[in-house]
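Residue numbers (this note's numbering): 1 to 403.
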(Lines of atoms letter the chains of each structure in order from A and count residues from 1; the text may use other names and numbers.)
(Lines give C-alpha, C1' and ligand atoms only; values in the text may rest on other atoms or scores of the structure.)
Protein backbone atom coordinates (compact mmCIF):
# COMPACT_ATOMS: atom_id res chain seq x y z
CA UNK A 1 0.00 0.00 0.00
CA UNK A 2 2.77 2.40 0.98
CA UNK A 3 4.69 1.53 -2.20
CA UNK A 4 1.59 2.31 -4.29
CA UNK A 5 1.25 5.70 -2.57
CA UNK A 6 4.84 6.67 -3.25
CA UNK A 7 4.54 5.65 -6.92
CA UNK A 8 1.31 7.70 -7.09
CA UNK A 9 3.10 10.77 -5.70
CA UNK A 10 6.03 10.30 -8.10
CA UNK A 11 3.73 9.98 -11.15
CA UNK A 12 1.53 12.94 -10.23
CA UNK A 13 4.48 15.12 -9.26
CA UNK A 14 6.37 14.39 -12.48
CA UNK A 15 3.21 14.88 -14.55
CA UNK A 16 2.32 18.26 -13.02
CA UNK A 17 5.91 19.51 -13.29
CA UNK A 18 6.01 18.41 -16.94
CA UNK A 19 2.70 20.19 -17.62
CA UNK A 20 4.10 23.35 -16.06
CA UNK A 21 7.09 23.23 -18.41
CA UNK A 22 4.85 22.51 -21.42
CA UNK A 23 2.59 25.44 -20.53
CA UNK A 24 5.60 27.74 -20.27
CA UNK A 25 6.94 26.47 -23.60
CA UNK A 26 3.58 26.99 -25.31
CA UNK A 27 3.21 30.57 -24.07
CA UNK A 28 6.76 31.38 -25.17
CA UNK A 29 5.75 30.52 -28.74
CA UNK A 30 2.32 32.15 -28.43
CA UNK A 31 0.43 28.82 -28.34
CA UNK A 32 -2.44 27.71 -26.13
CA UNK A 33 -1.15 24.96 -23.78
CA UNK A 34 -4.24 22.78 -24.42
CA UNK A 35 -2.85 20.88 -27.47
CA UNK A 36 0.40 20.24 -25.58
CA UNK A 37 -1.51 18.83 -22.58
CA UNK A 38 -3.47 16.54 -24.92
CA UNK A 39 -0.33 15.29 -26.66
CA UNK A 40 1.24 14.66 -23.23
CA UNK A 41 -1.77 12.53 -22.36
CA UNK A 42 -1.41 10.57 -25.60
CA UNK A 43 2.29 9.97 -24.86
CA UNK A 44 1.61 8.55 -21.39
CA UNK A 45 -1.73 6.78 -21.93
CA UNK A 46 -2.61 3.27 -23.06
CA UNK A 47 -0.31 2.35 -25.91
CA UNK A 48 1.88 5.39 -25.20
CA UNK A 49 5.54 5.61 -24.25
CA UNK A 50 5.22 5.27 -20.45
CA UNK A 51 1.78 4.26 -19.09
CA UNK A 52 0.73 5.98 -15.85
CA UNK A 53 -0.84 3.06 -13.99
CA UNK A 54 -0.85 4.17 -10.34
CA UNK A 55 -2.33 7.64 -10.89
CA UNK A 56 -5.01 6.68 -13.42
CA UNK A 57 -7.94 6.85 -10.96
CA UNK A 58 -6.73 10.14 -9.44
CA UNK A 59 -6.41 11.72 -12.90
CA UNK A 60 -9.92 10.52 -13.88
CA UNK A 61 -11.47 12.18 -10.79
CA UNK A 62 -9.31 15.28 -11.28
CA UNK A 63 -10.54 15.52 -14.89
CA UNK A 64 -14.18 15.55 -13.74
CA UNK A 65 -13.41 18.28 -11.21
CA UNK A 66 -11.61 20.19 -13.98
CA UNK A 67 -14.69 20.32 -16.22
CA UNK A 68 -16.88 21.34 -13.24
CA UNK A 69 -14.52 24.17 -12.27
CA UNK A 70 -14.24 25.44 -15.85
CA UNK A 71 -18.03 25.67 -16.08
CA UNK A 72 -18.67 27.23 -12.66
CA UNK A 73 -16.07 29.90 -13.48
CA UNK A 74 -17.91 30.64 -16.72
CA UNK A 75 -21.16 30.95 -14.78
CA UNK A 76 -19.62 33.34 -12.25
CA UNK A 77 -18.99 35.84 -15.06
CA UNK A 78 -22.73 36.34 -15.67
CA UNK A 79 -25.88 36.95 -13.63
CA UNK A 80 -29.08 34.94 -13.93
CA UNK A 81 -30.85 37.87 -15.63
CA UNK A 82 -28.08 38.10 -18.24
CA UNK A 83 -28.33 34.36 -18.84
CA UNK A 84 -32.10 34.45 -19.45
CA UNK A 85 -31.80 37.54 -21.68
CA UNK A 86 -28.99 35.99 -23.71
CA UNK A 87 -30.84 32.68 -24.05
CA UNK A 88 -33.95 34.41 -25.39
CA UNK A 89 -31.96 36.35 -27.96
CA UNK A 90 -29.75 33.36 -28.84
CA UNK A 91 -32.54 30.77 -29.25
CA UNK A 92 -32.58 31.16 -33.09
CA UNK A 93 -28.77 30.84 -33.10
CA UNK A 94 -29.13 27.63 -31.07
CA UNK A 95 -31.50 26.22 -33.69
CA UNK A 96 -29.11 27.18 -36.51
CA UNK A 97 -26.28 25.60 -34.51
CA UNK A 98 -28.15 22.29 -34.23
CA UNK A 99 -29.06 22.18 -37.93
CA UNK A 100 -25.62 23.17 -39.23
CA UNK A 101 -23.62 20.88 -36.92
CA UNK A 102 -25.77 17.86 -35.99
CA UNK A 103 -26.99 17.05 -39.51
CA UNK A 104 -23.47 16.68 -41.03
CA UNK A 105 -22.60 14.14 -38.33
CA UNK A 106 -25.75 12.10 -38.94
CA UNK A 107 -25.28 12.27 -42.72
CA UNK A 108 -21.63 11.22 -42.41
CA UNK A 109 -22.57 8.12 -40.37
CA UNK A 110 -25.16 7.09 -42.97
CA UNK A 111 -22.63 7.63 -45.79
CA UNK A 112 -20.25 5.24 -44.00
CA UNK A 113 -23.02 2.62 -44.02
CA UNK A 114 -23.76 2.79 -40.28
CA UNK A 115 -27.28 2.39 -38.86
CA UNK A 116 -29.59 5.16 -37.59
CA UNK A 117 -28.47 4.68 -33.96
CA UNK A 118 -24.86 5.42 -34.95
CA UNK A 119 -26.14 8.42 -36.94
CA UNK A 120 -27.96 9.72 -33.84
CA UNK A 121 -24.76 9.35 -31.77
CA UNK A 122 -22.47 10.99 -34.34
CA UNK A 123 -24.95 13.87 -34.72
CA UNK A 124 -24.50 14.64 -31.01
CA UNK A 125 -20.71 14.33 -31.23
CA UNK A 126 -20.44 16.89 -34.05
CA UNK A 127 -23.12 19.21 -32.65
CA UNK A 128 -21.78 20.23 -29.25
CA UNK A 129 -18.74 22.48 -28.76
CA UNK A 130 -16.51 21.95 -25.73
CA UNK A 131 -17.47 24.43 -23.01
CA UNK A 132 -14.38 23.42 -21.02
CA UNK A 133 -11.88 23.98 -23.84
CA UNK A 134 -13.55 27.21 -25.00
CA UNK A 135 -13.65 28.61 -21.44
CA UNK A 136 -9.91 27.93 -21.15
CA UNK A 137 -9.17 29.49 -24.58
CA UNK A 138 -11.19 32.66 -23.80
CA UNK A 139 -9.28 33.02 -20.53
CA UNK A 140 -5.89 32.38 -22.16
CA UNK A 141 -6.56 34.96 -24.89
CA UNK A 142 -7.97 37.57 -22.50
CA UNK A 143 -11.35 37.69 -24.26
CA UNK A 144 -13.71 37.04 -21.34
CA UNK A 145 -14.74 40.73 -21.33
CA UNK A 146 -15.12 41.02 -25.12
CA UNK A 147 -18.44 42.09 -26.61
CA UNK A 148 -18.85 38.82 -28.51
CA UNK A 149 -18.21 36.59 -25.46
CA UNK A 150 -21.86 36.65 -24.23
CA UNK A 151 -22.89 35.39 -27.69
CA UNK A 152 -20.37 32.52 -27.43
CA UNK A 153 -21.61 31.68 -23.95
CA UNK A 154 -25.24 31.80 -25.05
CA UNK A 155 -24.59 29.23 -27.78
CA UNK A 156 -22.66 27.05 -25.31
CA UNK A 157 -25.40 27.27 -22.66
CA UNK A 158 -28.12 26.34 -25.17
CA UNK A 159 -25.98 23.38 -26.28
CA UNK A 160 -25.35 22.28 -22.68
CA UNK A 161 -29.05 22.56 -21.82
CA UNK A 162 -29.90 20.67 -25.02
CA UNK A 163 -27.55 17.92 -23.81
CA UNK A 164 -29.63 17.67 -20.63
CA UNK A 165 -32.45 16.51 -22.91
CA UNK A 166 -30.43 14.73 -25.62
CA UNK A 167 -28.39 12.44 -23.33
CA UNK A 168 -31.41 10.77 -21.60
CA UNK A 169 -33.07 10.23 -25.00
CA UNK A 170 -29.99 8.74 -26.67
CA UNK A 171 -29.30 6.54 -23.61
CA UNK A 172 -32.86 5.18 -23.72
CA UNK A 173 -32.61 4.55 -27.48
CA UNK A 174 -29.25 2.76 -27.28
CA UNK A 175 -30.33 0.69 -24.27
CA UNK A 176 -33.58 -0.29 -26.00
CA UNK A 177 -35.59 0.86 -22.97
CA UNK A 178 -38.61 1.87 -25.02
CA UNK A 179 -40.54 5.11 -25.33
CA UNK A 180 -42.07 5.16 -21.82
CA UNK A 181 -38.76 4.80 -19.95
CA UNK A 182 -37.09 7.28 -22.30
CA UNK A 183 -39.79 9.90 -21.67
CA UNK A 184 -39.59 9.28 -17.92
CA UNK A 185 -35.83 9.92 -17.86
CA UNK A 186 -36.27 12.98 -20.05
CA UNK A 187 -39.00 14.37 -17.74
CA UNK A 188 -36.69 14.14 -14.72
CA UNK A 189 -33.96 15.97 -16.65
CA UNK A 190 -36.34 18.76 -17.76
CA UNK A 191 -37.77 19.28 -14.25
CA UNK A 192 -34.26 19.36 -12.73
CA UNK A 193 -32.93 21.98 -15.15
CA UNK A 194 -36.02 24.19 -14.74
CA UNK A 195 -35.90 23.88 -10.92
CA UNK A 196 -32.22 24.87 -10.73
CA UNK A 197 -32.80 27.78 -13.15
CA UNK A 198 -35.72 29.08 -11.06
CA UNK A 199 -33.66 28.85 -7.85
CA UNK A 200 -30.73 30.62 -9.55
CA UNK A 201 -32.92 33.47 -10.84
CA UNK A 202 -35.19 33.98 -7.81
CA UNK A 203 -32.92 33.13 -4.90
CA UNK A 204 -29.44 33.84 -6.28
CA UNK A 205 -29.13 36.99 -4.13
CA UNK A 206 -30.01 35.06 -0.94
CA UNK A 207 -27.50 32.32 -1.78
CA UNK A 208 -24.77 34.96 -2.26
CA UNK A 209 -25.68 36.78 0.99
CA UNK A 210 -25.45 33.47 2.86
CA UNK A 211 -21.71 33.40 2.02
CA UNK A 212 -19.31 35.96 3.48
CA UNK A 213 -16.42 37.53 1.57
CA UNK A 214 -14.74 38.41 4.89
CA UNK A 215 -13.62 34.82 5.50
CA UNK A 216 -11.77 33.66 2.35
CA UNK A 217 -11.24 30.10 3.60
CA UNK A 218 -14.94 29.58 4.40
CA UNK A 219 -15.94 31.19 1.09
CA UNK A 220 -13.65 28.92 -0.92
CA UNK A 221 -14.87 25.78 0.84
CA UNK A 222 -18.56 26.71 0.61
CA UNK A 223 -18.49 27.69 -3.08
CA UNK A 224 -16.40 24.65 -4.07
CA UNK A 225 -18.50 22.32 -1.91
CA UNK A 226 -21.82 23.66 -3.25
CA UNK A 227 -20.57 23.39 -6.85
CA UNK A 228 -19.42 19.77 -6.50
CA UNK A 229 -22.60 18.82 -4.62
CA UNK A 230 -24.99 20.31 -7.21
CA UNK A 231 -22.91 18.88 -10.09
CA UNK A 232 -23.08 15.43 -8.48
CA UNK A 233 -26.85 15.66 -7.89
CA UNK A 234 -27.32 16.81 -11.51
CA UNK A 235 -25.32 13.82 -12.72
CA UNK A 236 -27.41 11.41 -10.63
CA UNK A 237 -30.58 12.88 -12.15
CA UNK A 238 -29.19 12.26 -15.67
CA UNK A 239 -28.49 15.97 -16.22
CA UNK A 240 -24.93 16.94 -17.15
CA UNK A 241 -22.62 17.75 -14.21
CA UNK A 242 -21.32 20.62 -16.35
CA UNK A 243 -24.82 22.15 -16.61
CA UNK A 244 -25.25 21.87 -12.83
CA UNK A 245 -21.90 23.59 -12.19
CA UNK A 246 -22.66 26.37 -14.68
CA UNK A 247 -26.01 27.09 -13.00
CA UNK A 248 -24.31 27.30 -9.57
CA UNK A 249 -21.99 29.94 -11.01
CA UNK A 250 -25.01 31.83 -12.39
CA UNK A 251 -26.74 31.73 -8.96
CA UNK A 252 -23.77 33.36 -7.19
CA UNK A 253 -23.50 37.10 -7.82
CA UNK A 254 -22.05 40.39 -6.58
CA UNK A 255 -18.88 40.60 -4.44
CA UNK A 256 -19.14 36.88 -3.61
CA UNK A 257 -18.83 36.00 -7.33
CA UNK A 258 -15.85 38.36 -7.71
CA UNK A 259 -13.94 36.91 -4.73
CA UNK A 260 -14.87 33.33 -5.64
CA UNK A 261 -13.47 33.88 -9.15
CA UNK A 262 -10.14 35.06 -7.74
CA UNK A 263 -9.85 32.13 -5.34
CA UNK A 264 -10.98 29.39 -7.71
CA UNK A 265 -8.78 30.48 -10.65
CA UNK A 266 -5.62 28.58 -9.55
CA UNK A 267 -7.68 25.46 -8.79
CA UNK A 268 -9.36 25.71 -12.19
CA UNK A 269 -6.01 25.96 -13.97
CA UNK A 270 -4.68 22.93 -12.11
CA UNK A 271 -7.64 20.62 -12.69
CA UNK A 272 -8.31 21.88 -16.22
CA UNK A 273 -4.79 20.78 -17.17
CA UNK A 274 -5.54 17.36 -15.62
CA UNK A 275 -8.77 17.15 -17.66
CA UNK A 276 -6.95 17.69 -20.96
CA UNK A 277 -4.27 15.15 -20.01
CA UNK A 278 -6.93 12.59 -19.07
CA UNK A 279 -8.54 13.06 -22.46
CA UNK A 280 -5.27 12.09 -24.12
CA UNK A 281 -4.60 9.28 -21.62
CA UNK A 282 -7.87 7.55 -22.47
CA UNK A 283 -6.92 7.32 -26.16
CA UNK A 284 -4.83 4.51 -27.64
CA UNK A 285 -2.73 5.98 -30.48
CA UNK A 286 -2.78 2.60 -32.27
CA UNK A 287 -6.56 2.92 -32.88
CA UNK A 288 -6.21 6.22 -34.70
CA UNK A 289 -4.57 5.58 -38.14
CA UNK A 290 -7.47 3.64 -39.78
CA UNK A 291 -10.02 6.38 -38.96
CA UNK A 292 -7.76 9.42 -39.29
CA UNK A 293 -8.77 10.36 -42.84
CA UNK A 294 -12.58 10.26 -42.34
CA UNK A 295 -12.16 11.97 -38.96
CA UNK A 296 -10.12 14.74 -40.59
CA UNK A 297 -12.72 15.25 -43.32
CA UNK A 298 -15.54 15.39 -40.77
CA UNK A 299 -13.52 17.79 -38.59
CA UNK A 300 -12.84 20.21 -41.46
CA UNK A 301 -16.50 20.19 -42.50
CA UNK A 302 -17.94 20.74 -39.01
CA UNK A 303 -15.31 23.28 -37.98
CA UNK A 304 -16.43 25.35 -40.97
CA UNK A 305 -20.09 24.94 -39.98
CA UNK A 306 -19.21 26.11 -36.44
CA UNK A 307 -17.50 29.20 -37.87
CA UNK A 308 -20.67 29.90 -39.86
CA UNK A 309 -22.79 29.33 -36.73
CA UNK A 310 -20.75 31.81 -34.70
CA UNK A 311 -20.66 34.34 -37.53
CA UNK A 312 -24.46 34.29 -37.92
CA UNK A 313 -25.08 34.42 -34.15
CA UNK A 314 -22.73 37.40 -33.69
CA UNK A 315 -24.14 39.22 -36.72
CA UNK A 316 -27.63 38.80 -35.31
CA UNK A 317 -26.39 40.40 -32.06
CA UNK A 318 -25.10 43.43 -34.01
CA UNK A 319 -21.40 42.65 -33.56
CA UNK A 320 -18.87 43.89 -36.12
CA UNK A 321 -16.94 41.63 -38.51
CA UNK A 322 -13.85 41.04 -36.27
CA UNK A 323 -16.10 39.90 -33.40
CA UNK A 324 -18.09 37.63 -35.71
CA UNK A 325 -14.91 35.91 -36.86
CA UNK A 326 -13.67 35.54 -33.27
CA UNK A 327 -17.03 34.01 -32.29
CA UNK A 328 -16.96 31.43 -35.09
CA UNK A 329 -13.33 30.42 -34.53
CA UNK A 330 -13.85 30.12 -30.75
CA UNK A 331 -16.71 27.62 -31.15
CA UNK A 332 -14.76 25.01 -33.17
CA UNK A 333 -13.36 22.65 -30.49
CA UNK A 334 -15.43 19.64 -29.43
CA UNK A 335 -14.59 17.88 -26.17
CA UNK A 336 -16.15 16.52 -23.00
CA UNK A 337 -19.74 15.98 -24.21
CA UNK A 338 -18.56 14.40 -27.46
CA UNK A 339 -16.48 11.90 -25.48
CA UNK A 340 -19.39 11.17 -23.12
CA UNK A 341 -21.67 10.47 -26.10
CA UNK A 342 -19.02 8.26 -27.75
CA UNK A 343 -18.65 6.43 -24.42
CA UNK A 344 -22.38 5.62 -24.43
CA UNK A 345 -21.97 4.17 -27.93
CA UNK A 346 -19.16 1.91 -26.68
CA UNK A 347 -21.18 0.72 -23.65
CA UNK A 348 -24.19 -0.20 -25.78
CA UNK A 349 -22.22 -1.81 -28.61
CA UNK A 350 -22.81 0.63 -31.47
CA UNK A 351 -20.44 0.24 -34.47
CA UNK A 352 -16.91 -0.43 -33.06
CA UNK A 353 -15.35 2.08 -35.49
CA UNK A 354 -17.35 4.93 -33.94
CA UNK A 355 -15.28 5.33 -30.74
CA UNK A 356 -11.84 5.72 -32.41
CA UNK A 357 -13.41 7.96 -35.09
CA UNK A 358 -14.95 10.17 -32.39
CA UNK A 359 -11.68 10.31 -30.45
CA UNK A 360 -9.62 11.23 -33.52
CA UNK A 361 -12.27 13.80 -34.52
CA UNK A 362 -12.30 15.45 -31.09
CA UNK A 363 -8.50 15.47 -30.90
CA UNK A 364 -8.26 17.18 -34.30
CA UNK A 365 -10.76 19.89 -33.34
CA UNK A 366 -9.39 20.37 -29.85
CA UNK A 367 -5.77 20.66 -31.02
CA UNK A 368 -6.37 22.88 -34.06
CA UNK A 369 -9.29 24.88 -32.58
CA UNK A 370 -7.31 26.79 -29.92
CA UNK A 371 -4.56 27.49 -32.46
CA UNK A 372 -7.00 28.85 -35.06
CA UNK A 373 -8.76 30.92 -32.37
CA UNK A 374 -5.59 33.02 -32.16
CA UNK A 375 -5.77 34.05 -35.84
CA UNK A 376 -7.68 37.32 -35.18
CA UNK A 377 -4.82 38.48 -32.91
CA UNK A 378 -2.22 38.43 -35.69
CA UNK A 379 -1.44 41.73 -37.44
CA UNK A 380 -1.77 40.29 -40.97
CA UNK A 381 -5.20 38.87 -40.14
CA UNK A 382 -6.36 42.19 -38.62
CA UNK A 383 -5.20 43.97 -41.79
CA UNK A 384 -7.11 41.47 -43.94
CA UNK A 385 -10.31 42.02 -41.93
CA UNK A 386 -9.80 45.81 -42.01
CA UNK A 387 -9.56 45.75 -45.82
CA UNK A 388 -12.67 43.57 -46.01
CA UNK A 389 -14.62 46.01 -43.80
CA UNK A 390 -13.41 48.97 -45.88
CA UNK A 391 -14.55 47.20 -49.07
CA UNK A 392 -17.97 46.54 -47.51
CA UNK A 393 -18.35 50.19 -46.49
CA UNK A 394 -17.34 51.32 -49.98
CA UNK A 395 -19.91 48.97 -51.55
CA UNK A 396 -22.65 50.34 -49.27
CA UNK A 397 -21.97 53.99 -50.13
CA UNK A 398 -24.64 55.42 -52.45
CA UNK A 399 -23.45 56.33 -55.91
CA UNK A 400 -23.26 60.09 -56.57
CA UNK A 401 -26.33 61.31 -58.44
CA UNK A 402 -25.65 62.61 -61.97
CA UNK A 403 -25.71 66.39 -62.39
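All C-beta atoms, glycine included, are put in the ideal place defined by N, C-alpha and C.
- request: Using the Cα positions of residue 259 and residue 213, report the straight-line distance between them to the nearest angstrom.
  value: About 7 Å.
query: Looking only at C-alpha atoms, which of 193, 35, 25 and 311 sits nearest to residue 273?
result: Nearest option by C-alpha distance: 35.
- prompt: Alpha carbon to alpha carbon, how far is residue 310 from residue 98?
  reply: C-alpha separation (whole angstroms): 12 Å.
- request: Would you mind sorting residue 44 into buried or exposed? The rule is 16 or more other CB atoms within 10 Å of its CB.
  value: When all chains shown are included, residue 44 counts as buried.
query: Nearest to residue 111 by alpha carbon, out of 298, 312, 377 and 341?
result: Residue 298 is the option with its Cα nearest to residue 111.
field: Start-to-end residues for the alpha helix (DSSP H) that takes in residue 42
entry: That run of the alpha helix (DSSP H) goes 34-44.
message: If the criterion is Cβ atoms closer than 7 Å, does the pair residue 385 and residue 312 meet it?
response: No, the Cβ-Cβ distance between residue 385 and residue 312 is not below 7 Å.
Cα-Cα separation, residue 198 to residue 357: Cα to Cα, residue 198 sits roughly 39 Å from residue 357.
- prompt: Beta-carbon separation of residue 365 and residue 332 under 7 Å?
  reply: Yes, they are a contact pair.
message: Within the continuous alpha helix (DSSP H) that includes residue 134, where are the two ends?
response: It spans 131-140 - the alpha helix (DSSP H) in which residue 134 sits, taken as one unbroken run.
- prompt: How is residue 331 classed by DSSP in three states: helix, strand or coil?
  reply: Under the three-state reduction of DSSP, residue 331 is assigned to coil, being neither helix nor strand.
query: Taking just the CA atoms, how far does residue 114 sit from residue 288?
result: Going by the C-alpha atoms only, they are around 19 Å apart.
- request: Under 8 Å by Cβ, that's how I've got residue 376 and residue 315 pegged, so tell me the actual separation to the nearest angstrom.
  value: Cβ-Cβ separation between residue 376 and residue 315: approximately 16 Å, too far for a contact (criterion under 8 Å).
message: Considering only their Cβ atoms, is the gap separating residue 127 from residue 106 smaller than 7 Å?
response: It is not a contact, given that the beta carbons lie outside the stated cut-off.
message: Nearest by alpha-carbon distance to residue 367: which of 3, 42 and 16 is it?
response: Cα-wise, what sits closest to residue 367 is 42.
query: Expressed to the nearest angstrom, what Euclidean distance is found between the alpha-carbon atoms of residue 168 and residue 396?
result: Between residue 168 and residue 396, the C-alpha separation is close to 49 Å.
From 381, 346, 292 and 279, residue whose alpha carbon lies closest to that of residue 61: It is 279 whose Cα lies nearest to the Cα of residue 61.
message: Less than 7 Å between the beta carbons of residue 76 and residue 231, yes or no?
response: In this structure, the beta-carbon distance from residue 76 to residue 231 does not fall below 7 Å.
task: Consult DSSP for residue 112 and reduce its assignment to one of helix, strand or coil.
output: Residue state, collapsed to three classes: coil.
task: Give the DSSP-derived three-state secondary structure of residue 352 in the structure shown.
output: In the structure shown, the three-state DSSP call for residue 352 is coil.
- prompt: Would the beta-carbon of residue 132 fall within 7 Å of that of residue 166?
  reply: The answer is no: Cβ separation not under 7 Å.
message: For the structure I just gave you, are there three or more beta carbon pairs, one from the region 260-268 and one from the region 203-221, closer than 8 Å?
response: By the C-beta criterion, the region 260-268 is judged to be in contact with the region 203-221, since at least 3 inter-stretch pairs fall below 8 Å.
message: Below 8 Å on the Cβ atoms is my contact criterion, and I expect residue 292 with residue 360 to pass it. Report the Cβ-Cβ distance as a whole number of Å.
response: That pair is a contact at about 6 Å.
query: Which residue spans inside the region 368-400 form an unbroken beta strand (DSSP E) run of at least 3?
result: The DSSP assignment places no complete beta strand (DSSP E) segment of no fewer than 3 residues inside the region 368-400.
Limits of the unbroken alpha helix (DSSP H) element including residue 313: Start and end: 292-316.
task: Would you mind reading off the limits of the alpha helix (DSSP H) that contains residue 21?
output: Following the DSSP letters along the chain, one finds residue 21 inside the alpha helix (DSSP H) bounded by residues 2-28.
message: On a Cα-Cα basis, can you pick out the residue from 3, 95 and 244 that is closest to residue 70?
response: For residue 70, the nearest C-alpha among the options comes from 244.
query: Quick one, which of 189, 267, 209 and 269 has its alpha-carbon nearest residue 251's?
result: Among 189, 267, 209 and 269, the Cα nearest to that of residue 251 belongs to 209.
- request: Give the single residue among 303, 269, 129 and 339 whose Cα lies nearest to the Cα of residue 162.
  value: It is 129 whose Cα lies nearest to the Cα of residue 162.
query: Can you tell me the Cα-Cα spacing of residue 6 and residue 14, whole angstroms?
result: Cα to Cα, residue 6 sits roughly 12 Å from residue 14.
- prompt: What number of angstroms, rounded off, separates the C-alpha of residue 269 from the C-alpha of residue 207?
  reply: Taking the straight line from one Cα to the other gives about 26 Å.
- request: Check residue 287 in the structure and name its three-state DSSP category.
  value: Annotated three-state conformation of residue 287 is helix, per DSSP.
Expected contact under 8 Å - CB spacing of residue 329 and residue 373 to nearest Å: The pair is a contact, with the Cβ atoms about 5 Å apart (cut-off 8 Å).
field: Same chain, Cβ closer than 7 Å to residue 348, five either side skipped, listed in chain order
entry: Cβ neighbours of residue 348 beyond the five flanking positions: 174 and 175.
- prompt: Relative to the alpha-carbon of residue 290, which residue among 303, 134, 353 and 324 has its alpha-carbon at the smallest distance?
  reply: The candidate whose alpha carbon is nearest that of residue 290 is 353.
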